[in-house]
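If you read the sequences in order, they're chains Y and D. In terms of the working numbering, the first sequence opens at residue 594 and continues consecutively. In terms of the working numbering, the second sequence opens at residue 1079 and continues consecutively. Step one of this worksheet: look at the structure below.
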Amino acid sequence: AQTVTQSQPEMSVQEAETVTLSCTYDTSESDYYLFWYKQPPSRQMILVIRQEAYKQQNATENRFSVNFQKAAKSFSLKISDSQLGDAAMYFCAYRSAGYGNKLVFGAGTILRVKS
Amino acid sequence: DAGITQSPRYKITETGRQVTLMCHQTWSHSYMFWYRQDLGHGLRLIYYSAAADITDKGEVPDGYVVSRSKTENFPLTLESATRSQTSVYFCASSPWSTEAFFGQGTRLTVV
């Protein structure tokens, strides 16, 4: 079974600085998707970024980028120029590309942004 | 309204009662999911469905029942609620293998 591990329960960053959130996963499959979701205090789940495993290029969305290391099964999220609005719980998630594919989440990392 | 909607948003029920959480999506997505969110555990998958009339267990299915007679609806029933089922429940839907889109969540308290 696929598992997702986020080893940092909580992180802090100063406003305008850069922070990296870690995620590792375990799978025997070669074709899959990885995601980072943000959950602010409103509880709404918001997709931050998506990475297809067959793509070597790391995904980027504005201030958010990932470091995808397929061999190491690592998928970290870098937030540049952190803003107060980035404060939230961040979840890493894995999904197989095959039929009947579940979406599996890590335990989450709380990100605090200091002004 | 377009999107995915959960109802109710908040529910308080007594131990032993049956309660059903509703989920409705307007995109005709094939996949639908039910998760529960508890502190320290992230989102744990309860049940999911790849299409109408096809459902499968997730990580924590005990005490829950689902059905999917129509593509757009995926209700979750707690047959006999227990205090350990106090949680925030999220429904989500997705097309094939891409990201899932989430409802607003239902906060369920079992007293």
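Glycine included, each C-beta is placed from N, C-alpha and C at the ideal position. As the structure is a prediction and not an experimental result, all values here were calculated from the model.
Interface residues of chain D facing Y/Phe-657 [CB-CB closer than 7 Å]: Here residue 657 of chain Y refers to the residue found at position 64 of the first sequence. Per Cβ cutoff of 7 Å: no residues; Y/Phe-657 is ~14 Å from chain D at best.
Contact the stretch 1126-1144 of chain D vs the stretch 605-613 of chain Y: 3+ CB pairs below 8 Å: Of all C-beta pairs linking the stretch 1126-1144 of chain D to the stretch 605-613 of chain Y, fewer than three are shorter than 8 Å, placing the two stretches out of contact.
Where the beta strand (DSSP E) containing D/Gly-1120 begins and where it ends: For this step, residue 1120 of chain D is matched to residue 42 along the second sequence. Unbroken beta strand (DSSP E) run through D/Gly-1120: 1120-1129.
Exposed unless 16 or more other CB atoms sit within 10 angstroms - verdict on D/Leu-1117: Taking the first residue of the second sequence as 1, we reach residue 1117 of chain D at position 39. Label assigned to D/Leu-1117: exposed.
Same chain, Cβ closer than 6 Å to Y/Glu-788, five either side skipped, listed in chain order: Outside the displayed range of chain Y (594 to 708) lies residue 788 of chain Y, so it cannot be described from this structure.
Nearest candidate by alpha-carbon position, reference Y/Pro-634, set D/Val-1188, D/Gly-1183, D/Val-1189: Along the first sequence, one-based indexing puts residue 634 of chain Y at 41. Taking each of D/Val-1188, D/Gly-1183, D/Val-1189 in turn and checking the Cα distance to Y/Pro-634, the smallest one comes out for D/Gly-1183.
Residues in the stretch 686-700 of chain Y having any Cβ partner in chain D nearer than 9 Å: Within the stretch 686-700 of chain Y, the residues whose Cβ lies closer than 9 Å to some Cβ of chain D are Ala-686, Arg-688, Ser-689, Ala-690, Gly-691, Tyr-692, Gly-693, Asn-694, Lys-695, Leu-696, Val-697, Phe-698, Gly-699, Ala-700, listed in chain order.
Proximity winner among D/Gly-1120, D/Gln-1096, D/Ala-1128, D/Tyr-1088, relative to D/Ser-1172 (alpha-carbon distances): Mapped onto the second sequence, residue 1172 of chain D falls at position 94. Comparing alpha-carbon positions, the option among D/Gly-1120, D/Gln-1096, D/Ala-1128, D/Tyr-1088 lying closest to D/Ser-1172 turns out to be D/Ala-1128.
Beta carbon proximity, D/Ala-1080 to chain Y, threshold 7 Å: On the second sequence, position 2 is the one that residue 1080 of chain D refers to. For D/Ala-1080, no Cβ of chain Y is located within less than 7 Å of the residue's own Cβ.
Contact set between the stretch 658-670 of chain Y and chain D, restricted to residues whose Cβ is under 9 Å from the partner: Within the stretch 658-670 of chain Y, no residue has a Cβ that lies closer than 9 Å to any Cβ of chain D.
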